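In the working numbering, the protein residues as written are 30 to 1160. Where is the CB? At the ideal position from N, CA and C, for every residue including glycine. Quick caveat: nothing in here was measured; it's all calculated off a predicted structure. Reading through the structure tokens given below for one structure.
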Amino acid sequence: MEEYNHLKIESKWQKEWERNKIYQAKNLSKKPKYYSLIEFPYPSGDGLHVGHIRSNTAMDIISRKRRMEGCNVLYPIGWDAFGLPTENYAIKTGKDPRIVTKQNSNIFRKQLKSLGFSFDWSREINTTDPKYYKWTQWMFLQFLKKGLAYKAKMIINWCPKDKIGLANEEVVNGCCERCGTAVEKREKEQWMLAITKYADRLDRDLDNVDYLPQIKLAQRNWIGKSEGAEIEFKIIHPTPALPEGKGEESTKIVILHGKHGTPENYFYPWLKKELEKRSHKVYLPALPNTEVPNDEEQADYVLKNVPLDENTVIVTHSFGGVVAMRLLERGIKIRELILFATPITGTFLDKKSRPSITDALAKGFNYEKIKKQANFFRVIFDSGDTIVRKEDAVILAKNLGIYSEYVKAKEPHFCAIEEPEMLNLILEENTYPLTPSQGEGEFGYHTTDPKTWRALQERVLEMRKNPTEAEKKLWRYLRKNNLTPALPERKGENADGYHFRRQQIIDRFIVDFVCLSEKLVIEVDGDIHDYKQKEDKERTDILRILGFKIIRFKNEEVLSDTDGVIKKISEELKVLPFGEDLGGVTVFTTRPDTIFGATYMVLAPEHPLLSRILLDTLANKKEVLQYIEVARKKSEIEKTAENKIKTGVELKGIKAINPATKEEIPIWIADYILATYGTGAIMAVPADDMRDKEFAEKFSLPIIENYQKAGFEDFGKKITKFKLHDWIFSRQRYWGEPIPVIHCEKCGLVPVLEKDLPIKLPKVKNYQPTENGESPLANIAKWVNTKCPKCKGKAKRETDTMPNWAGSSWYYLRYTDPKNSKAFASQKNLKYWLTPSLPPPKGETLSFSLPFGEGQGGVDWYNGGNEHTTLHLLYSRFWHKFLFNLDLVPTSEPYIKRTSHGLILAKGGEKMSKSKGNVINPDDIVKIYGADTLRLYEMFMGPFDQAITWSEEALIGPRRFLERVWNLQSKVQKKEKNIKIEFLIEKAVKKVSYDIEVMKFNTAISTLMIFTNEIGKYDFISQGVYEKFLKLLSPFAPHLTEEIWSNLKHKDSIHLSYWPKWDENLIKDEAIKIMVQINGKVRAEIFAQADEKEEDVKKKAFLNENISKYIAEKDIKKIIYVKNRLINIVF
RNA sequence: GCCCGGGUGGCGGAAUUGGUAGACGCGAUAGACUCAAAAUCUAUUGAUGGUAACAUCAUGAGAGUUCGAUUCUCUCCCCGGGCACCA
């Protein structure tokens, strides 16, 4: 007998099969049809991957089994050839992608053929073939016609250096994959497909398909259907909260005065008072020895008399700064150091006359250390009434290592800071909010503390009684006009117009008019104000800090042009935060019942509210802007972030009203809220939601433990939301299907006429996109300039192309009728291949079940990579459903059954990639071991749905097995029978048949191996048994089995023979081994007949020597009996 | 951070779905054949102790449920894949 020569056998049979066309599917055959599908490969320059072979072999095995079961099988192949790598290769080398695609697919075809897959090559398709993409374009026109294709502005990744839009895949760590430039976001008009219109059906219909559970889950997660409610929260400017003397919890502020200062002079008492008003505990120690400054002594004094801790802020001036730094140098930790200093350097002014921070500089402090002791360190340059140059301040800031943005010197040469501004600076950049007041005020607002109110009340009443002429007139106008707001749906206090009050006490001031809800103060000034501008400025500044906007009018202005004044006031009201654009914020929640527990609101950093409100009205505008900026950048690198720590910033100065509890709750922005999902805003329920709880704990927000549950729709409207976005369908690339649309100057967007399809891709010299990011097609004037199909006037072609998902969304339909030039496929063929077959002819049974039902059907079995279980699968389901709606396909779903395979990893568990140089070339293996060995190995190496590591050494196992099978030929005898072997083969038929159906190829092969090992022990094997065995092996190793089959004098191919059936009677074991356990441990085994009576088996067990030894004189508590398996005796 | 897989000998992996843990293959060791090697065939091969029969320990770690757990439940650790923190 000849040796097993795989080279000879494999090429021989591949040619023979091609000649006999045994794998060609027959349209409209009477046999039951079976459509098995693999994801058609992208013909990359890397050649066939061992991963392709894994999936192709699996479906090949199933297809071959189906043929042997009597089916008319369609197992097609083609090329998904549009794509980035080919385009990038074209950009790099200037080679025509058409030629590259042809070369690559030629290599792939040859490689695939060398593996003996039973593809119907006569139906080969290619998405880049104009005869194919004509229909892709045609389908796009149908989407357009039905209004499902539209244009929208979308944000894309943009590489500023390459001037090209980037796919997500091409962005690595926020940088362009090719040139490493940081990727920017850009807005661009894009074609979109409205897949969201089908979201609900895409979700629901998963009930009717046979996908692996993980795949269904992935689809459902991606679609992300959730039922919840939208609830509107009113946004308000909270009342200016004025303190009620609660100071215990507030920050301690220590004011250290300067060399010439005492607690009684300069601005110190004023500053102390103002800060105390705002609930802060303020210390103003009288530093000794100010005449002869000794900073160490003074530091000792402070330490002795003033408590300093990490909640302390030291505000210093001049020489006080030196004392403060002495303290910090001693290792004392404080929260913040604010230093007002005079920046005198060089020769500009007489140093000696001005004690300053420059003195401290001369003392050689360790500033790095000092800066670490305070969480914040700010130096604010203030020259008092001295004139200094700003440049000097900047130089000094540099010397101190302080960012120059802290320099508060004013242009051009004067940097004196006035007291209100000083207060402003201390508070504005500080982290202390104005403390909200407890309880209700006279009008539902607190505008001052009770003490001040009592003190000023009488004066207010008097003023109201005796208004000036101007005040009188304006008051009348304000009441009469009511300044009706633009939005009729306004609710609450301002429903009938803005509510004004006159002579209202705010803080320690009495303002002329105020609209509290909008925080607008109107002052009417007499001539006297010209003389006290300074006081007015202070008043204005303080009111501003409290969140008010102030407009001033002169008496005569009010009297002479009252209408003009009213007009100005209404204009101010319009742009104020509570103007027409700012009614509220709608949140989406899946748990509207938890609304009573909502203690704060969180917005996405990109939430539109932030553009609607005046950021100026936020107390921490700078911080908020900074956060938004950081969040914007973060979104570009978030994928690479290892640990996502929750971050956020409160919008200080506005509040939301919980519609259930009517309480004012804080509003935060945080990037754990996505702008794209829901409404980009949530109500946070820390008591019930883990994420909210985490966030609340991090930022010390209150957490309610118990709260009342609400009904589902008590406070909002029930709504169904989907995570799914519409499909961005444009690419500014060359290598894709041109979108068949024309831009006409007169008619606008005009679809290309169907008779003009396909719009072929023109040849270009340069595959680079244009300077402004348009597709390279935009550069070909000859192609771009065209006539409008409607008016025949001047028009331009759309230069965007389609994504490569387009062609792959419907390719399985084209296989049924690949050469049709009248339609994408004939209805006849579609119906035959997609709708379930009639039951098989009488006497025949199928080992698999066929689905029946209205609109049901599709590709019978579709296997592909796990990486495609969301996007590709969803896109093609959407596309198919759209065609079904148009009555163009007979089923509502494209695939009846979907499975996925795991990756093949290189040694060390890495992904195979050309750059790592760890790619396995299947050609070498086919040459050395043979295609049958490679196929067998890939099926044997591990569970099909899991990732497995490639191992070259293990290949020898399957090869040895095939050689053993080959050598068995010499043992074949026609007549003899062997009962033991009959039994084994029947068992193998059952096991292999079953395992193939559930893709447990590895155990199917091990069954076949066990069988050959057993046979090896005998001198002969009957031909019948051997042939059955060969049939079982034939889907795995088609060449070898075909050769032996022909050696056994068969004329027809083994692949056209019938799949063996097993006889259940022959499989029944006559004697069954039963384990006998004592207390759960196996102590003996006994034999029993199948289904023998429980009592008899127990008797046998007790008679066993070993067992009787164990149970002697023991109290048996319990005997557990498992039929045909074990007895467990417990004591 | 979230979701989905997974973790079993020197290695790839089996285990009828709660019932003998380690099928099958690779590798390793010994033997047969051979002048020899390769190939092939035969035997052994989770660990520890024991001449042996056998015993004990072992499925990432720890707990729990159970007569019995690789399998179910909880907590934690590690690896792989995916991602849009999905409210």
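Cα-Cα separation between F744 and I702, rounded to whole angstroms
22 angstroms
Q. To the nearest angstrom, how far is it from the Cα of T708 to the Cα of P865?
A. 43 angstroms
Query raised in the report: What is the rounded straight-line gap between the Cα of D329 and the Cα of V335?
Result: 10 angstroms
Cutting at 6 angstroms between CB atoms, please list the residues of its own chain near G886, excluding the five before and the five after it. L863, T864, P865 and T920
* Measure the CB-CB distance between I933 and R83 and report whether it falls below 7 angstroms. => yes
TODO: Classify E567 as buried or exposed, calling it buried when 16 or more other Cβ atoms lie within 10 Å of its own Cβ.
DONE: buried
Query raised in the report: What separation, rounded to the nearest whole angstrom, lies between the Cα atoms of K310 and I455?
Result: 14 angstroms
Exercise for the section: Measure the Cβ-Cβ separation of A704 and A660 and say whether it is below 7 angstroms. Expected result: no
- [ ] Name the one or two DSSP bridge partners that V779 has.
- [x] I771
Query raised in the report: Closest by CA to L638, which one among K362, L285, I696 and P314?
Result: I696
- Sequence-distant residues of the same chain with beta carbon closer than 6 angstroms to Q1052, five excluded per side: V1001 and K1003
Exercise for review: Check whether the Cβ atoms of D755 and A223 sit closer than 7 angstroms, and answer yes or no.
Suggested key: yes
### Message
Is it buried or exposed, M88, if we count other Cβ atoms within 10 angstroms and call 16 or more buried?
### Response
buried
Where does D239 fall in DSSP's three states?
strand
Quiz item: When the Cα atoms are used, what is the spatial distance from K794 to G123?
Solution: 8 angstroms
- Message: Between the segment 1089 to 1106 and the segment 1062 to 1071, can you find at least three pairs of beta-carbon atoms closer than 8 angstroms?
- Response: no
Q. Within this structure, are the beta carbons of D889 and Y64 separated by less than 7 angstroms?
A. yes
Self-check item: L806 to W812 span [Cα, whole Å]
Solution: 8 angstroms
- Query: So, is G375 buried or exposed, given that buried needs 16 or more other C-beta atoms within 10 angstroms?
  - Reply: Per-residue confidence for G375 stands at a pLDDT of 37, beneath the threshold of 50, marking its modelled position as unreliable; the derived number appears in the next sentence. The residue is exposed, with fewer than 16 neighbouring Cβ atoms inside 10 Å.
request  = Put S1137 into one of helix, strand or coil per three-state DSSP.
outcome  = helix
**Prompt:** Can you list, in chain order, the residues of its chain whose CB lies under 6 angstroms from that of K214, leaving out five sequence neighbours each side?
**Reply:** I184
Report the three-state DSSP secondary structure of T920 (helix, strand or coil). coil
Look at the Cβ atom of T165, then the Cβ atom of E766, and state whether they are nearer than 7 angstroms. yes
**Report entry** Close Cβ partners of P791 (< 6 angstroms) along its chain, the five nearest in sequence each way excluded
**Finding:** I809 and W812
- Do you know how far the Cα of C820 is from the Cα of E671? Caution applies to E671, whose pLDDT of 34 falls short of 50 and renders its modelled position unreliable; the value that the coordinates give is listed next. Taking the straight line joining both Cα atoms gives about 57 angstroms.
Practice item. Quickly, what does DSSP pair R581 with across the bridge? List them, please. Key: E552
- How big is the Cα-Cα spacing for L1059 and V200? 51 angstroms
Could you say which of I264, E303 and F262 lies nearest to I282 if we only look at CA atoms? E303
**Asked** Can you tell which of I535, N1042, K55 and L1085 has its C-alpha closest to the C-alpha of R993?
**Response** N1042
Can you name the start and end residues of the alpha helix (DSSP H) that G986 belongs to? I985 to N996
*Report the rounded CA-to-CA distance for E218 versus T615, giving the unit in angstroms.*
27 angstroms
| said: As a quick exercise: from V779, K1078 and K1046, pick the residue whose alpha carbon is nearest that of E1056. | reply: K1078
| said: Using a 10 Å radius around the Cβ and a threshold of 16 neighbouring Cβ atoms, would you call Y1087 buried or exposed? | reply: exposed
### Query
What's the C-alpha gap between S1022 and L753?
40 angstroms
Discussion item. On the DSSP letters alone, give me the boundaries of the alpha helix (DSSP H) that P1067 sits inside.
Written reply: P1067 to N1076
query: Which residue from D554, L490, Q486 and Q562 puts its Cα closest to that of D536?
result: Q486
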